[in-house]
Structure formats: structure tokens, C-alpha cells
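Trainee:
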Amino acid sequence: MQSPQLESSLQILCEDGPLIAVNKPNGLLTQGVPEGHPTLEGQVKQYLRERLAKPGNVYLGVPHRLDRPASGVVVFAKNSKAAARLAEQFRERTVSKMYLAVTERVPAPRAGRLTDWLLKDAVAAHVTVVAPGTTDAKEAVLDYEVLAVRDGRALVEIELLTGRMHQIRVQLASRGWPVVGDQQYGATLSPEEAAVHDPQSSAIALHAFRLGLYHPVRYEPLWIEAPLPTNWSGYGFGK
């Protein structure tokens, strides 16, 4: 039986055979921190332990990640074969990755394709737009469309065509359209917000709302959607 704490903190979007998809909240790492720190991977493992009544370690494959301050759909695999099949889909870019973002300013034009070269500084956990062909830089491509505008902010739908670190955040910010709350890439905050803001973990207005892939066993198309975080109502675009 699922514990009350897990039931309230872990939002399962889809559980189908070896595939499990959850709605990651803002501020939670997908995986990869020292033992004892909360991660989405750890929460899903605990959920499976309780479901399976298995006190020891359980296998959980992590074929992709979301940035810590972002929210939305994350898919996991319960066995290594499913993990390999899902990872291949992400590697081959056959997964459809749709995001919603609220930007500080309205993109112009209101729809288009952005192509940049991004250079990652792994130590500083920061990404920079650089000249094409720069050593170690990787090409980043996305399509976007402005869906609505309110009080100088825009609700933007984004299809991520490559999967680079901080890609959406960097590409939008480099054009003067930073994601609301993303101080790491140029978003502005009030003095009150800045006093308590942690750019590595605080919430930003970036949400992976839809993921399309093939089921790792049946190979049928599968679309998974995640509802918007409740705090998006404060941006003027939530329900």
C-alpha cells in the first residue's frame, strides 16, 4: 500500500507494464545527488518498494531528466530491457517533447525555429550560446509558438528537437525572453524574491506538459500529459 506521504508528493501519470511516468515538481532533482538527499528517482523507487513489498533495492532506469527548477513529465523504466529501449528513443530523437513556458517578454516573431550552438560548463552548471563550430559546443534546435500574452508576459509552447542541458532556458534568454523566475539566465526578481531565491533549485515557469513515445514492450504510440503546477495561476495563465 502506498504511504500517505508518497501519495501526496508523487503524482503518477501513467503506469503501464515496465513503464512509469510521473509529474516532477519544481525544485526536485531527477537523480544524481549524494545519498540522503531527495530526488524524484528516490521517490519512485520507494513507491515501487512499497507496491512490491520489497525491502531491498529495486531497479529503476532513468532514460532522461528534467532541469531541477522545471516541472513536468518524467519517464522511468522498471527493468533494464525497457530502460534500453526508452533510452534509444531519446538518443535517436524519436520522442516528442512539448513544453510550456512563461517568458518575461513577448517573443518576436511569435512563432519560429531557434537554432544555436551551446557550450556547457559542467562545473558551474551553466550553458552559453557560442559561435557555430566552437570546440565541444553542440547544436540546439527548438520550435516555439506564442499562445497568449498578458501583462507583458507570454505563454509559449515549445517543441524540443534536441535535448541539450538548459536548452530552452538558454535559447530563449539569449534573445531577451528569459523564463519567468530563471534568474540564472537573466530573469528579473523583486528584492523580496531575490532575498530567498536559489537559482539552482527555485521554481521557474517551465513545464514539460506532454511527452510522446513508443511503449517499450508493445511499441504502440503513447502520449503522456502532466497538468500545470498550481502556482501557474499566479502567472495569469493557469487554470
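Each number in my numbering comes from the position in the sequence shown (counting from 1) with 87 added on.
Where a beta carbon is used, it is the ideal one built from N, C-alpha and C, also for glycine.
As the structure is a prediction and not an experimental result, all values here were calculated from the model.
What number of angstroms, rounded off, separates the C-alpha of residue 177 from the C-alpha of residue 220?
Mentor: 24 Å
Trainee: Report the CB separation of residue 267 from residue 322 in whole angstroms; it is logged as a contact under 8 Å.
Mentor: 6 Å
Trainee: Under the three-state reduction of DSSP, which class applies to residue 268: helix, strand or coil?
Mentor: coil
Trainee: What residues in its chain sit with their C-beta under 7 Å from that of residue 109, if we drop five residues either side in the sequence?
Mentor: 97, 98, 99, 100, 127, 131 and 161
Trainee: What is the rounded straight-line gap between the Cα of residue 241 and the Cα of residue 136?
Mentor: Those two C-alpha atoms are separated by around 42 Å.
Trainee: Comparing alpha-carbon positions, which option in 320, 307, 217 and 230 lies nearest residue 199?
Mentor: 230
Trainee: Identify every run of the alpha helix (DSSP H) within the region 139-217, keeping only runs that are complete inside it and at least 4 residues long; order them along the chain.
Mentor: 167-178
Trainee: Please determine, among 185, 182 and 252, the residue with the shortest C-alpha to C-alpha distance to residue 210.
Mentor: 252
Trainee: State the Cα-Cα distance for the pair residue 295 and residue 187, rounded to the nearest angstrom.
Mentor: 7 Å
Trainee: Would DSSP call residue 110 helix, strand or coil?
Mentor: Collapsing the DSSP output to three states places residue 110 in a strand.
Trainee: Measure the Cβ-Cβ separation of residue 293 and residue 194 and say whether it is below 9 Å.
Mentor: no
Trainee: Using the beta-carbon count (16 or more within 10 Å), is residue 224 buried or exposed?
Mentor: buried
Trainee: Check whether the Cβ atoms of residue 316 and residue 166 sit closer than 9 Å, and answer yes or no.
Mentor: no
Trainee: Once the 5 residues before and after residue 197 are set aside, which same chain residues still bring their CB inside 6 Å of it?
Mentor: These residues qualify, in order along the chain: 233.
Trainee: With DSSP run on the structure shown, which of helix, strand or coil describes residue 317?
Mentor: helix
Trainee: Where does residue 291 fall in DSSP's three states?
Mentor: coil
Trainee: Considering only the beta carbon of each residue, do residue 169 and residue 106 sit closer than 9 Å?
Mentor: One thing to note: residue 169 has its Cβ within 9 Å of the Cβ of residue 106.
Trainee: Let me check one thing: in DSSP terms, what residues is residue 116 bridge-paired to?
Mentor: Partner(s): 126.
Trainee: Using DSSP bridges, identify the partner residues of residue 225.
Mentor: 205
Trainee: Put residue 322 into one of helix, strand or coil per three-state DSSP.
Mentor: helix
Trainee: Measuring alpha carbon to alpha carbon, tell me which residue in 143, 139, 151 and 146 is nearest residue 116.
Mentor: 151
Trainee: Is residue 264 buried or exposed, if buried means 16 or more other CB atoms sit within 10 Å of its CB?
Mentor: With 16 or more other Cβ atoms within 10 Å, it is buried.
Trainee: Of all Cβ atoms in chain D, is any one closer than 9 Å to the Cβ of residue 160?
Mentor: The chain labelled as chain D is not found in the depicted structure, where only one protein chain is given.
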